[in-house]
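Worksheet: one structure, shown below.
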Amino acid sequence: MRALYSGISGLEGMQTEMDVIGNNIANSNTVGFKASRVTFSTALSQLLSAARAPQGNLGGVNPTQVGLGTQIASIDQLMTQGSFQNTGKSTDLAIQGDGFFIVNNGNGNYYTRAGNFSLDQNGTLVQAGTGYKVLGWESAVSPTGQRYVDTNAPIAPIQISANTTMNAKATSQMIVGGNIDSSSGIQPTTITVTDASGKQYTVQFTFSPQTNNFNPFSTSRVYNWTATIVNGPAGSVGTKISGNITLDQYGNVVNDSAKNIYINNSNGTYSLSTTSASTASGAAITLPTSGPISFAESDNTANTVTAGYTNPVYTTSTQIYDSLGNPYTIYIDFTNLGTVSGSGTSTTWGTGTNTAWAWDARLANGTPVNLVTSSGSATSSNFGILEFNSSGRMVGNFALNNGQLTNANAPTGISFTPSDGAATVKSQIDFTSVTDMAGSSSAAITQQNGNAQGTLQSFAINQNGQIIGTFSNGLTDTLGQVALANFNNPSGLNAVGNSLYSESANSGVPQVGTAGTGGRGTFIPGALEMSNVDLAQEFTNMIIAERSFDANARVITTADAMLSQLDNLKQTP
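Counting in our numbering, the sequence shown runs from 346 upward without gaps.
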């Protein structure tokens, strides 16, 4: 009877399904395991009578067929995403999305979702349990000492040696950012004085650093001052006189070009002078010669004003390095030169809305520092000049020549020759991020590209698979990168044990590249992808398979009973 053969095919099919279910459940805790499922199709049917088309007065007749049971259509691998388990181990990796790790046993490549990796005694990244080497790209070192990863090169085992070093690099670039206080220096101040006839005069003193043949970084600084009558009797307003005053490094007066200035009134004609033809016809202001920057009415010392003063010199520092990795502490000094307008032969100090700052550099150990231009050539300037507009943004880096701002030979960097045999250090300085606002000075050297020699201390793997090493000099660098392979049909891979797959005729060729590109997923460091087996679904499938197996067995026993009845016919009297 055909039913016996159909029942047998059903039993065989359910046995195979139970095999698949059992394997899924057995691997429910296997790292990177992908569950399988069984699908069935009908076996060949026996044709008892063929179909007949309608003809004449008769309609058509369907074919008469008897099915001969079931057969396995496919056993599919379900490449769905598994859940993640955090491990905290630096060499553990999970893949979020599509792709497979690539490992090699010396004879060929295999593919896996199990990222439980470790290092062997040679520092090679391997798959735990098999020792197969994980493939990717190791970093190479350029002639300038820079590490880089060439992901266009063939993949190879990745080795992370404990004695990996980072070569020393001389500083060739510094970036300065932050603010320098535009309100620093001597603040404008006013004093109102009264002459013998009762006329009052309001005199404003303004200050600007002297810019002819001066050193803005000496312990004493000379300021030009201008006294202007800004309010007074008709004909007096606008009258002015100039002089200079010398301050020490603490802002105290050590000298003044004059001791007094006089407001002279000669029959309604007013003038300011350091001498007076008749003090009775005007008023006098006593200038400071020591101590604070104070101005007093000469015949009424109770009427005294003191100019506000904030140290116009601001200093920032950092460590830089020579070609042997020796560190040097460099200081960059800024001095507020006040307002300026124009450049070249039209430069005018003490006017306009722009602000100028002088800058210079020095080393803590006293090694001479030279200023250089953007081409690296030496400049005769002892310092550079940074100019800022009314919005506090830098508009130029100039040299100072006889009090005039010029672009010619403007210093933009530094140069010094170490005494330890290292090559001459030449470093450009980028000031474009510096602002000049009224507020606390906070300028700092935010970046410099030099470093001392370093030894590998630890490493970690990021989402792109880059292996980032941390070195004893406090810097990080890329040591290599783990590769990922993707397939057009990952379900077509051959499972070969140890959570490994091999390429098959229907999987497509591996498309190797970096994580996060070309449809490949990204890495989750310090985690593992768990099995995607759904136990609830497997138990349900098990019940269905068991019931189907039982039903097919009943078909066989029923057919057997029918055959027994047929066999018993000959014994019937």
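We put the CB at the ideal spot given by N, CA and C, even for glycine. If you're wondering where the values come from, they're calculated on a predicted model, not measured in any experiment.
For the options 406, 527, 759, the alpha carbon positioned closest to that of residue 783 is the one of 527. Collapsing the DSSP output to three states places residue 688 in coil. Note: residue 799 is bridge-paired with 511 in the DSSP secondary-structure output. Here DSSP, grouped into helix, strand and coil, assigns residue 844 to coil. Distance check between residue 406 and each of 396, 412, 414 places 396 closest, using alpha-carbon atoms only. About 6 Å separates the beta carbon of residue 480 from that of residue 828, a gap short enough to meet the 8 Å contact definition. For the set 593, 851, 709, 649, the Cα lying nearest the Cα of residue 538 is the one of 649. Collapsing the DSSP output to three states places residue 820 in coil. For residue 892, there is no enclosing beta strand (DSSP E); the enclosing alpha helix (DSSP H) has its first and last residue at 880-912. In this chain, the beta strand (DSSP E) harbouring residue 659 covers 658-666. Beyond the five residues adjoining it in sequence on each side, residue 428 comes within less than 6 Å, by CB distance, of 875 in the same chain, given in chain order. Of the candidates 708, 866, 728, 905, 728 places its Cα closest to the Cα of residue 560.
Classified as buried, residue 438 has 16 or more neighbouring CB atoms from the shown chains inside 10 Å of its CB. Residue 365 sits in a helix when the DSSP states are folded into three classes. Runs of the beta strand (DSSP E) spanning 3 or more residues and lying entirely within the segment 539-600 occur at 545-554, 566-576, 585-592, in chain order. Put simply, the segment 822-842 touches the segment 439-453. At least three CB pairs are less than 8 Å apart. Beta bridge pairing from DSSP links residue 743 with 730.
Taking the C-beta atoms as reference points, residue 764 is found no nearer than 8 Å to residue 771. For residue 419, the uninterrupted beta strand (DSSP E) segment begins and ends at 415-422. With 16 or more other Cβ atoms from the protein chains shown falling within 10 Å of its own Cβ, residue 776 counts as buried. Nearest C-alpha to residue 665 among 465, 674, 464, 849: 674. Its Cα nearest to that of residue 391, the residue 348 stands out among 431, 356, 348, 378. Here DSSP, grouped into helix, strand and coil, assigns residue 477 to coil. Judged by beta-carbon spacing, residue 504 lies within the 8 Å limit of residue 467, meaning their Cβ atoms are closer than that value.
Here residue 892 is exposed: its Cβ has fewer than 16 other Cβ atoms, across all protein chains shown, within 10 Å.
Shortest Cα-Cα distance from residue 801 to any of 822, 794, 792, 807 involves 822. Residues of the same chain with a CB within less than 7 Å of the CB of residue 651, apart from the 5 flanking positions on each side, are 637, 638, 639 in chain order.
In the same chain as residue 478, and ignoring 5 residues on each side of it, the C-beta atoms closer than 6 Å to its own belong to 449, 469, 471, 502, in chain order. Nearest in C-alpha terms to residue 679, of all of 779, 806, 799, is 779. Residue environment for residue 736: exposed (fewer than 16 other C-beta atoms within 10 angstroms of its C-beta). In the DSSP assignment, residue 771 falls within the unbroken beta strand (DSSP E) covering 770-780. Taking residue 459 as the centre and dropping the five residues before and after it, the same chain places the C-beta of 376, 377, 844 closer than 6 Å to its C-beta, in chain order. Residue 726 counts as buried, since no fewer than 16 other beta carbons sit within 10 angstroms of its beta carbon. Look at residue 628 here: in three-state DSSP terms it is strand.
For residue 492, the pairing in a beta bridge is given by DSSP as 486. Between residue 684 and residue 695, the CB-CB gap stays under 8 Å.
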